[in-house]
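Novice: I'd like to ask some things about the structure below.
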Amino acid sequence: MPSPDHTARTHRITLIPGDGIGPEVTDAVVAILEAAGRPEACTFDWHLHNAGADAFAKTGEYIPKALYDSLEQTSVGLKGPVTTPIGGGFASINVTLRKKFDLFSNFRPIKNLPGLETRYPNIDLIIVRENTEDLYAGIEYMAAPGVAQSIKVITEKGSTRIAKFAFDYARKHSRKRIHAIHKANIMKLTDGLFLDCARKVAQSFPEVEYKEHIVDNTCMQLVLNPYQYDVILTENLYGDILSDLCSAFVGGLGLVPGANLGTACAVFEAVHGSAPDIAGKDLANPTALLQSAILMLHHIDEPATAARVQGALERVYTEGKTLTRDVGGKSGTRAFTEAVLAAL
Ligand code: ATP
């Protein structure tokens, strides 16, 4: 018999809709989660807070204090993409949140959906990206007129804990191989330190094969034969670039989910950005955020609801009648969402 705690569960989630296609895909995902949770008596108490230019216009802060407070209280966030201005303007909201809540691990599973024909079938690889350091820390300054410098920060602590995360994951989920991706032939100190830490951690996991590839070669190897990779362990910037590359194996950025994990807080968001070119046109594919929400459901210990969402999503892809344009369909965001709701 289920325990009383398991008869009705309400999860407090900080919901950050973002901008661009963010509000469209978050609306879709919230509707699907609400419907999927109902038969499991799993409900959501959404704490809605936005960030970025929209939030600034309303509150005078790019990340309002109320958003920080909310994440501290709920410790779980579901987040749409927030536009980061290019070349100037405010600092990346994503990077700021990751640093503030020490969400050091960016976990990105890349897997085919059934029924969807893509460039490569049967892809099943994981990118584990360090999420708080590297050139991505955004420490930049003008050293002299006409000379800009950016500081790459790699620490023993940061490298060891992300390597440990990757190896722990591999052990727990019976993954066979980890490739550490680097450019230590050029950045001998920073990427060298990252590799030293990964090698040390690898020694405690003899059952997981450990290999190292240089990042430029990795790009070629991935396109030639992605099946040689199982878990990719890498630094922040390489992970950002390789994630977009790998998303193309399974149908593109509209599909690939992500989780930003720390010890006290987790924020689930798609790999893609705000895609301003298609915003507000009913063209966005909510699958990437929906798959991020499935990761979130597992994180909050709701495997039955996660399975219902996964099943409905897979049914819609297997039928292939109501897919969005980015994956070769003719339907819009709303019709796709309706199809997933109907499949539930
Ligand atoms: P960022 O650097 O902010 O992460 P990005 O480089 O990953 O952004 P995106 O804004 O995600 O770039 O989008 C790149 C292109 O991919 C978009 O122009 C859009 O055409 C497509 N795209 C991204 N996300 C989706 C989606 N959910 N549905 C459909 N197409 C998408």
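Residue 202 in this note's numbering sits at position 210 of the sequence shown; the count goes up by one each step and never skips.
Glycine is no exception: its CB is placed at the ideal position from the N, C-alpha and C atoms.
Only a predicted model underlies this, so the values are computations on that prediction, with no experimental measurement involved.
So who's on the other strand from residue 1, going by DSSP bridges?
Specialist: In the sequence shown, residue 1 corresponds to position 9, counting from 1. Its beta-bridge partners are 34.
Novice: Is DSSP giving residue 53 helix, strand or coil here?
Specialist: On the sequence shown, position 61 is the one that residue 53 refers to. Three-state DSSP puts residue 53 in coil, outside helix and strand.
Novice: Determine the contact status of residue 155 and residue 203, defining contact as a CB-CB distance below 9 Å.
Specialist: As a working mapping, residue 155 is identified with position 163 in the sequence shown. As a working mapping, residue 203 is identified with position 211 in the sequence shown. Contact: no.
Novice: Nearest to residue 227 by CA position, among 254, 249, 146, 294, is which residue?
Specialist: Walking along the sequence shown from the start, residue 227 turns up at place 235. For the residues 254, 249, 146, 294, the minimum Cα distance to residue 227 belongs to 146.
Novice: Is it a yes or a no for the stretch 23 to 40 touching the stretch 210 to 228, going by three-plus beta-carbon pairs under 8 Å?
Specialist: Flag = no, the stretch 23 to 40 and the stretch 210 to 228 do not touch.
Novice: Can you tell me where the alpha helix (DSSP H) holding residue 148 begins and where it ends?
Specialist: Residue mapping note: residue 148 aligns to position 156 of the sequence shown, counting from 1. Element bounds for residue 148: 148 to 164.
Novice: Per DSSP, which one or two residues make a beta bridge with residue 134?
Specialist: Against the sequence shown, residue 134 aligns to sequence position 142. Its beta-bridge partners are 140.
Novice: Take the Cβ of residue 345 as the centre, count every other Cβ of all protein chains shown within 10 Å, and call the residue buried at 16 or more, exposed below.
Specialist: Residue numbering for the chain in the displayed model covers -7 to 336; residue 345 lies beyond these limits and cannot be assessed.
Novice: Which whole-angstrom value is the C-beta distance of residue 263 and residue 280, which I expect to be below 8 Å?
Specialist: Your numbering for residue 263 matches position 271 in the sequence shown. Your numbering for residue 280 matches position 288 in the sequence shown. With a Cβ gap of about 6 Å, residue 263 and residue 280 count as contacting.
Novice: Any idea what DSSP makes of residue -4, helix, strand or coil?
Specialist: Mapped onto the sequence shown, residue -4 falls at position 4. Interpretation of residue -4 is limited by its pLDDT of 42, a score under 50 that renders its predicted location unreliable; the figure taken from the coordinates is listed afterwards. If DSSP states are grouped into helix, strand and coil, residue -4 belongs with the helices.
Novice: Got a sec, what are the start and stop residues for the beta strand (DSSP E) residue 192 sits in?
Specialist: Stepping through the sequence shown from its first residue, residue 192 is reached at position 200. From DSSP, residue 192 is part of no beta strand (DSSP E) but of the alpha helix (DSSP H) over 182 to 194.
Novice: Would you say residue 137 touches ligand 1, meaning its beta carbon is less than 8 Å from a heavy atom?
Specialist: Reading the sequence shown from its first residue, position 145 is the one you call residue 137. The answer is no for residue 137.
Novice: Go to residue 201, then tell me how far its beta strand (DSSP E) extends in each direction, as first and last residue.
Specialist: Taking the sequence shown and counting its residues from 1, the one referred to as residue 201 is at position 209. From DSSP, the beta strand (DSSP E) with residue 201 extends over 201 to 206.
Novice: So, do the stretch 0 to 9 and the stretch 58 to 66 have three or more beta carbon pairs nearer to each other than 8 Å?
Specialist: Yes, the stretch 0 to 9 is in contact with the stretch 58 to 66.
Novice: Just to confirm, does residue 9 get its C-beta within under 8 Å of one of the non-hydrogen atoms of ligand 1?
Specialist: To locate residue 9, count along the sequence shown from 1; it is residue 17. Result no, Cβ not under 8 Å from ligand 1.
Novice: What's the gap between the Cα of residue 117 and the Cα of residue 210?
Specialist: Along the sequence shown, one-based indexing puts residue 117 at 125. Along the sequence shown, one-based indexing puts residue 210 at 218. Between residue 117 and residue 210, the C-alpha separation is close to 14 Å.
Novice: Determine the contact status of residue 143 and residue 238, defining contact as a CB-CB distance below 9 Å.
Specialist: Within the sequence shown, the letter at position 151 stands for residue 143. Within the sequence shown, the letter at position 246 stands for residue 238. Going by C-beta atoms, residue 143 is not nearer than 9 Å to residue 238.
Novice: With respect to 8 Å, is the separation between the Cβ of residue 310 and the closest non-hydrogen atom of ligand 1 below this value?
Specialist: Mapped onto the sequence shown, residue 310 falls at position 318. Not under cutoff, so the answer is no.
Novice: Quick one: what does DSSP say residue 83 is sitting in, helix, strand or coil?
Specialist: What you label residue 83 is simply residue 91 of the sequence shown in a count that begins at 1. Three-state result, residue 83: coil.
Novice: Report back the beta-carbon spacing between residue 8 and residue 42 to the nearest angstrom; my notes put them in contact at under 8 Å.
Specialist: Residue mapping note: residue 8 aligns to position 16 of the sequence shown, counting from 1. Residue mapping note: residue 42 aligns to position 50 of the sequence shown, counting from 1. Contact flag correct, Cβ pair sits at about 6 Å.
Novice: Just curious, the beta strand (DSSP E) that residue 308 is in, first and last residue?
Specialist: In the sequence shown, the residue the question calls residue 308 occupies position 316. Counting along the chain, residue 308 falls outside any beta strand (DSSP E), though it belongs to the alpha helix (DSSP H) covering 295 to 311.
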